[in-house]
Structure formats: structure tokens, C-alpha cells
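I have placed the structure first, in the form of C-alpha cells, so that the comments after it can refer back to it.
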Amino acid sequence: MPTTSHKVAGARRSPAPAGADETAPRWLRHTAGVAWRLIVVVAALALVFIAVSKVVLLFVAVFLALVFTAVLRPFVAWQSKVLPRGLATGIALLSGTLVVAGLLSFVVYSIANQWTALSVQFTDGVQRIITWFESGNLPFKLTNQQVAQWITDAEAWLQQNAGHLAGQVAAGAGSVVEVFTCLALAVFCTVFFLARGSQMWSWFLDQLPARGRENVGVAASIGWYTFSGYTRGTVIIAATDGVLAFIALEIIRVPLAAPLAVLVFIGAFIPLIGAPLAMVIAMVVALAALGPIQAAVVGACIALIGQFEGHILQPMIMGKQVSLHPVVVALTVAAGTLTAGILGAVVAVPLVAVVWAIFSRMRTVDPPTETADDVSGHPDSPQVDEAAAQA
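So for the sequence shown, this note's numbering puts the first residue at 28; every next one is plus one.
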């Protein structure tokens, strides 16, 4: 008769729990779990992008409405202390419209007032540049015959593609209608966001299950704090860049200083590349109208304004509201540009900043990894033990 020990030793093992795969190593099971979750996340993001691509005008209108709301909300809140909320909203929108209209009128007047003199300066400047290329110590030569040939080729190309260009102009007219429609919808939404934003948000929270309202409210508060801080900071930085560019261009006597400064202001809304690209256009104008020395001075002003913005304005105005590393900003701008052109470059950074702010607030953070300096100072580190032995 077998003993108890023999029975135990010869008994069959109990089957593995349901769902456990003992044939695959643990690291492979863990990697597979992470992989299929990433696939689900990517699929969800792809659906979001597809949905947005179908209603781009609506998305842009809502985004602009949020931008207008973030900029005008402090002004409305200040006026609401002594005025009804609706009246304060109307005054804020009217003031913003007058500022934009006055800025555009100033730009148009500056261009019309300087156009005749500028055309003569450009003609002389281009001729000086051609002469410089002909007689300069450069590895290549540029002659009047080559320039004339380029002009002839351009005219021939225009004649051959006149029908296609006319079709593009007609399509552009439709785009102008879409732009005005988008702006009208954005202003319409801004009115309600400023006047009844709190009531609208409370109504939205009431539609959610009670157990999830607190987390959604916290995430939304963090997201709005980051988005509004980024938007207002960008407007202030863009205005500062425009004023500094205007002062520099006026001192250098560059033609069309005011329109170029407005171009710098608009370009500042595209992170990293917008304002420098606008100032490069100012360099081209200075080169054609005044010469290479003034163009080089404009280039030096570009570098100074960029350093002032990066080291003083950004930390002082943005603060901790937008805590994105410059590498992340650069990659985000590149990804947004490749995905949706200029619109993607403008929208990508604030969206990533909002997502990162919400993620940073809602996640559970583990203790930070010890660096080499931290380990060397730890009581159990070999360096400390060796120092103690020598003592």
C-alpha cells in the first residue's frame, strides 16, 4: 500500500487558473498587454482626428471662441463688478473689435502711404543686389540676362496655367466666405461663453453621473487654467514682439515698419518659428530697400528679440502654467504642421499643454529616480562605506 508521501508526490498538478498563459514568459505577456492598450488609444485618437477633419470649420470656430473668451474674460469680470454681465460682455467684444479694426486700418494706411516710394526703393534695391552678385566674390554669378530669362519663364508659366489659377481664385472666394462664417460663429459662441459660461458648464456637469463630476470638474479647471494662461501669455508676448520689432525697424528706417511689425505680431502665435520667419521677411525688405548692412542689423535685432522672449518674457508671463520642454514644443509644432499645416502648428501646442497639465494633475507619481549624485550621498552607497572605512 503506497504511503501518503508517495501519493502526494505522484498526484497530478491542479490545472492552471483560467486565462493564465504559462507558455509565454512574463515580460512578453506584460509587453503584449501594454501593446494592445496602446493600439486602443491610437485607434481612439484616430477616430477623434477623423471626426475633427469632417467638421474643421466648427472646430476652428470653437477654438477661436475659447481664445477670445480667455483674452476677454478678465476684462468682462472686472466690468461685471459695476455693470450687468451682458453689458460688460458687449463692451468687451466691441472694444476688441475696434482694436483689431484700428490695427488693420493702420496697416492699410501705412502701405498705401509708402507704396510709391517703396516701389522705387525696391527697384533700386533689387538692381543693387544684382550688381552685387555680378561683381561680388561669390562662388556663383548672377547676370541681368539670367534675371530677364527668369521673368520670361515666369510669364510663360502664368500664361500656360491661367485657367488653373483662375479656378484657384474662385475656390479662394469660397474660402473667404468660410473664413467669415467661422469668425461669425466664433463671435456668437464667445458671447455665450462670456455671458453664461458658468451656467453652461454647470448644466454640462449635471448631465454626468454624480460619481464622475468631481474628477471632470477638476480636470476641466486645470485645462482651462492652462489654456487661458497660454492664450493670454501668447497675446502679451506677441504684442511685445510686435512693438519691439516696430521700434527696431523704425530706428533702422526700414520701409513698411508698421505692417511688418503686425506680421511679427501675427507670426508670434506660431510657436518657435512664427516671429523669426516674419522678421526674416523684414530682412528681405531691408536688403532690397536699404542694402546688406541694414539687413544684417535687422538680423541682429531678430536674435536679440528672440533671446529677450525666450529668457525673460516666456518665464515671466507664462510661469508654471505651461510647463513644456522646448524639445517637446518643437516636436509638437512639427507634428502639428505635418498633420494640419499652419492651423496644426497654432493649435498643437495649447492642446498638448492642456493634456499634459491634466495628466500631471490626475496621475499618481512614483518617487523620482535617484541620480548618481544622490546615490553617492546615500548612507548605504559604496562611496560612503569606503570613506567611513578610511576614517
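Yeah, the Cβ is synthetic: ideal placement off N, Cα and C, and Gly gets one too.
On a predicted model such as this, the values are computed, not experimentally measured, just so you know.
Name the residue from 238, 326, 262, 296 whose alpha carbon lies nearest to the alpha carbon of residue 375. 296
Between the Cα of residue 262 and the Cα atoms of 298, 280, 247, 318, which residue gives the shortest distance? 298
Nearest candidate by alpha-carbon position, reference residue 326, set 312, 259, 338: 312
Decide if the region 207 to 214 is in contact with the region 82 to 100; the criterion is three or more beta carbon pairs, one per stretch, under 8 Å apart. yes
Distance check for residue 83 and residue 200, CA to CA, integer angstroms please. With a pLDDT of only 48 at residue 200, under the threshold of 50, the placement of this residue in the model should not be trusted, and no figure is reported.
If we ignore side chains and look at the alpha-carbon of each, how far apart do residue 100 and residue 229 end up? 18 Å
Can you give the beta carbon distance from residue 67 to residue 253, rounded, assuming they're within the 8 Å contact cut? So it is not a contact: roughly 26 Å between Cβ atoms.
Using only CA atoms, which one of 336, 222, 75 lies nearest to residue 110? 222
Between residue 61 and residue 367, what straight-line distance do the alpha-carbon atoms span, to the nearest angstrom? 29 Å
Sequence-distant residues of its chain with Cβ nearer than 6 Å to residue 80 (five each side left out): none
Select from 73, 69, 87, 383 the residue whose C-alpha is nearest the C-alpha of residue 250. 383
What is the residue span of the alpha helix (DSSP H) that residue 107 lies within? Per DSSP, residue 107 belongs to no alpha helix (DSSP H) and is neither H nor E.
Apart from the five residues just before and just after residue 235, which ones in its own chain have a Cβ nearer than 8 Å to its Cβ? 243
Could you check whether residue 314 and residue 302 sit closer than 8 Å to each other, using their CB atoms as the reference points? no
Beta-carbon spacing of residue 272, residue 283 below 8 Å: no
Burial state of residue 410 (16 or more Cβ within 10 Å): The predicted model places residue 410 with a pLDDT of 48, which falls under 50 and marks its position as unreliable; any figure quoted below should be read in that light. So residue 410 ends up on the exposed side.
Give the DSSP-derived three-state secondary structure of residue 352 in the structure shown. coil
Taking 8 Å as the threshold (C-beta atoms), are residue 124 and residue 103 in contact? no
Please return the same chain residues whose Cβ sits closer than 8 Å to the Cβ of residue 247, not counting the five positions on each side in sequence. 228
Compute every distance between the C-beta of residue 63 and the non-hydrogen atoms of the ligand GDP, then say whether any falls below 7 Å. For the structure depicted, the ligand GDP is absent and the ligand set is empty, with no information on it obtainable.
Between the Cα of residue 377 and those of 387, 365, 356, 389, spot the shortest distance and give me the residue it belongs to. 356
Could you spell out the range, first to last residue, of the alpha helix (DSSP H) harbouring residue 51? Note, residue 51: premise wrong, no alpha helix (DSSP H); not H, not E.
With 16 other Cβ atoms within 10 Å as the buried cut-off, status of residue 231: exposed
How is residue 200 classed by DSSP in three states: helix, strand or coil? Unreliable placement is indicated for residue 200, whose pLDDT of 48 sits below 50; the coordinate value is still reported in the next sentence. Three-state DSSP puts residue 200 in a helix.
My guess is that residue 285 and residue 135 are in contact by the Cβ rule of under 8 Å, so how many angstroms apart are they, rounded? Incorrect: roughly 10 Å between the Cβ atoms, too far for contact.
Assign residue 281 to one of three DSSP states: helix, strand, or coil. coil
Which of helix, strand or coil does DSSP assign to residue 368? helix
Label residue 277 either buried or exposed according to how many other C-beta atoms from any shown protein chain fall within 10 Å of its C-beta, with 16 as the threshold for buried. exposed
Within the region 295 to 355, note down every full alpha helix (DSSP H) run reaching 4 residues or more, in order along the chain. 301 to 316, 319 to 335
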